[in-house]
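First comes the structure, then the notes that go with it.
Number of protein chains: 2
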Amino acid sequence: MRISARADYAVRAALQLAAARDAGPLKAEAIAEGQGISHKFLEGILGDMRKGGLVQSQRGGNGGYWLARPAEAISVAEVIRCVDGPLVSVRGERPPDLAYTGPAESLLPLWIALRASVRAVLGVSLAEVAAAELPAEITALTRDPEAWTNP
Amino acid sequence: MRISARADYAVRAALQLAAARDAGPLKAEAIAEGQGISHKFLEGILGDMRKGGLVQSQRGGNGGYWLARPAEAISVAEVIRCVDGPLVSVRGERPPDLAYTGPAESLLPLWIALRASVRAVLGVSLAEVAAAELPAEITALTRDPEAWTNP
DNA sequence: CCTTTTCCTACTTGTTCGGTGGGGTTGTGG
DNA sequence: CCACAACCCCACCGAACAAGTAGGAAAAGG
Numbered sequence: 001m002r003i004s005a006r007a008d009y010a011v012r013a014a015l016q017l018a019a020a021r022d023a024g025p026l027k028a029e030a031i032a033e034g035q036g037i038s039h040k041f042l043e044g045i046l047g048d049m050r051k052g053g054l055v056q057s058q059r060g061g062n063g064g065y066w067l068a069r070p071a072e073a074i075s076v077a078e079v080i081r082c083v084d085g086p087l088v089s090v091r092g093e094r095p096p097d098l099a100y101t102g103p104a105e106s107l108l109p110l111w112i113a114l115r116a117s118v119r120a121v122l123g124v125s126l127a128e129v130a131a132a133e134l135p136a137e138i139t140a141l142t143r144d145p146e147a148w149t150n151p
Numbered sequence: 152m153r154i155s156a157r158a159d160y161a162v163r164a165a166l167q168l169a170a171a172r173d174a175g176p177l178k179a180e181a182i183a184e185g186q187g188i189s190h191k192f193l194e195g196i197l198g199d200m201r202k203g204g205l206v207q208s209q210r211g212g213n214g215g216y217w218l219a220r221p222a223e224a225i226s227v228a229e230v231i232r233c234v235d236g237p238l239v240s241v242r243g244e245r246p247p248d249l250a251y252t253g254p255a256e257s258l259l260p261l262w263i264a265l266r267a268s269v270r271a272v273l274g275v276s277l278a279e280v281a282a283a284e285l286p287a288e289i290t291a292l293t294r295d296p297e298a299w300t301n302p
């Protein structure tokens, strides 16, 4: 259950774009520097986000990237899916495509529940994260000090 | 956010062992056949679980594997961690080791919340899954028909 | 025309994934 | 004590993926 560098970078870039909403297009170089990401690598990620319809771009002189929709209408989950495919997969397949037998039968509902819960958390909008105003259900999860410790 | 084949197989093997609790040791070959897993590959996984203290084994004539603890006292999360390392990692690092700046600052709490929610779901015991009696909070997540559909 | 910046394709290097094969070691039954 | 059944412990393998890198073509603006 790892979040890839692509996904992490994509979300951070999207947050940067959300924050610079009214400052016109943002250059890839500026985002890369602002977040400490390899510029060329980020360019590829932004390209995927453009193909996925999340951002738009303009070349030349004072070009750059901007969000295709308001930051309130883009979820973190969408960004991750855009650059990394399905949010949760088991052995490369989406949960509903799996079949289990015997005592493992109710493993499928468990994976489904897992996916639903991941979806719920990552359903937050870029605006909420950028403004540091996460929904109450999410902050509730971070309240427990044990959530911040490694097992 | 993918569950590897190792993790999936490990949990299924553990469930098989949980179900055969009172039938004495279970041979790797039997588990492999029962779950449609490559026998040699499974052997490696069971080896990891033994080193992790989750199962015990006996060689020779009618040897095999059995759970080291009652199935009520082993969580799915433990099994996955045993064979695959940390449950949730971002770019290979555990969330508390990350540092974000600027508009991405509250991305860290989001990853923490994500991990907490994953932990909550996978905290179920092998006994609960094997008996198909998931806790109410988990089944509640599977109630929504949308949880079963791909986006 | 010249600069800037995005866009595209290809390549690299290292690691992981899923799996296989062979041989050693320990236990049981005859 | 001997054969056999199982676990145990490597070593290896091909394919895929991850995280970048490099170089240039194409558009926009001055």
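As they're listed, the protein sequences go chains A and B.
Taking this note's numbering, the leading residue of the first sequence gets 1, the next gets one more, and so forth.
Taking this note's numbering, the leading residue of the second sequence gets 152, the next gets one more, and so forth.
We put the CB at the ideal spot given by N, CA and C, even for glycine.
Assigned secondary structure, residue i (DSSP; H/G/I helix, E/B strand, else coil)
i, result
"Ser-89 of chain A", "strand"
"Leu-110 of chain A", "helix"
"Arg-59 of chain A", "coil"
"Gly-195 of chain B", "helix"
"Arg-220 of chain B", "coil"
"Gly-306 of chain B", "Within the shown structure, residues of chain B are numbered from 152 to 302, placing residue 306 of chain B beyond reach of any answer."
"Ile-3 of chain A", "strand"
"Leu-26 of chain A", "strand"
Distance cut-off 7 Å: residue i Cβ against heavy atoms of the ligand MG
i, result
"Ser-4 of chain A", "Although the ligand MG was asked about, the structure shown includes no ligands whatsoever."
Test: residue i CB closer than 8 Å to a CB of chain A
i, result
"Gly-204 of chain B", "no"
"Gly-274 of chain B", "no"
"Gly-253 of chain B", "yes"
"Ile-263 of chain B", "yes"
"Val-234 of chain B", "no"
"Pro-247 of chain B", "yes"
"Trp-299 of chain B", "yes"
"Asp-159 of chain B", "yes"
"Asp-173 of chain B", "no"
"Met-152 of chain B", "yes"
"Ala-267 of chain B", "yes"
"Asp-295 of chain B", "yes"
"Arg-163 of chain B", "yes"
"Ala-156 of chain B", "yes"
"Leu-166 of chain B", "yes"
"Ile-196 of chain B", "no"
Min CB distance residue i to chain B below 8 Å
i, result
"Leu-107 of chain A", "yes"
"Ser-89 of chain A", "yes"
"Val-129 of chain A", "yes"
"Val-79 of chain A", "no"
"Ala-18 of chain A", "yes"
"Pro-151 of chain A", "yes"
"Gly-63 of chain A", "no"
"Gly-92 of chain A", "yes"
"Gln-35 of chain A", "yes"
"Ala-32 of chain A", "no"
"Ile-74 of chain A", "no"
"Ala-132 of chain A", "yes"
"Leu-141 of chain A", "yes"
Integer Cβ distance of residue i from residue j, believed to fall under 8 Å
i, j, result
"Leu-122 of chain A", "Val-76 of chain A", "5 Å"
"Ala-282 of chain B", "Ile-231 of chain B", "The Cβ separation is near 20 Å, so there is no contact."
"Ser-125 of chain A", "Ala-71 of chain A", "6 Å"
"Leu-134 of chain A", "Met-152 of chain B", "Between Met-152 of chain B and Leu-134 of chain A the Cβ distance is about 19 Å, and since that is not below 8 Å, they are no contact."
"Gly-60 of chain A", "Pro-25 of chain A", "With 8 Å as the limit, Gly-60 of chain A and Pro-25 of chain A do not qualify as a contact, their Cβ atoms being about 10 Å apart."
"Ile-196 of chain B", "Ala-164 of chain B", "7 Å"
**Item:** Start-end ranges of the alpha helix (DSSP H) lying completely within the stretch 93-143 of chain A, minimum 4 residues
**Value:** 107-122, 126-130, 136-143
**Prompt:** Three or more beta-carbon pairs under 8 Å between the stretch 110-117 of chain A and the stretch 259-276 of chain B, yes or no?
**Reply:** yes
**Request:** Would you check if the stretch 229-248 of chain B and the stretch 131-151 of chain A touch, i.e. whether three or more CB-CB distances between them fall below 8 Å?
**Result:** yes
**Message:** For the stretch 286-295 of chain B against the stretch 165-178 of chain B, do three or more pairs of beta-carbon atoms, one drawn from each stretch, fall closer than 8 Å, so that the two count as touching?
**Reply:** no
**Prompt:** Three or more beta-carbon pairs under 8 Å between the stretch 249-260 of chain B and the stretch 189-203 of chain B, yes or no?
**Reply:** no
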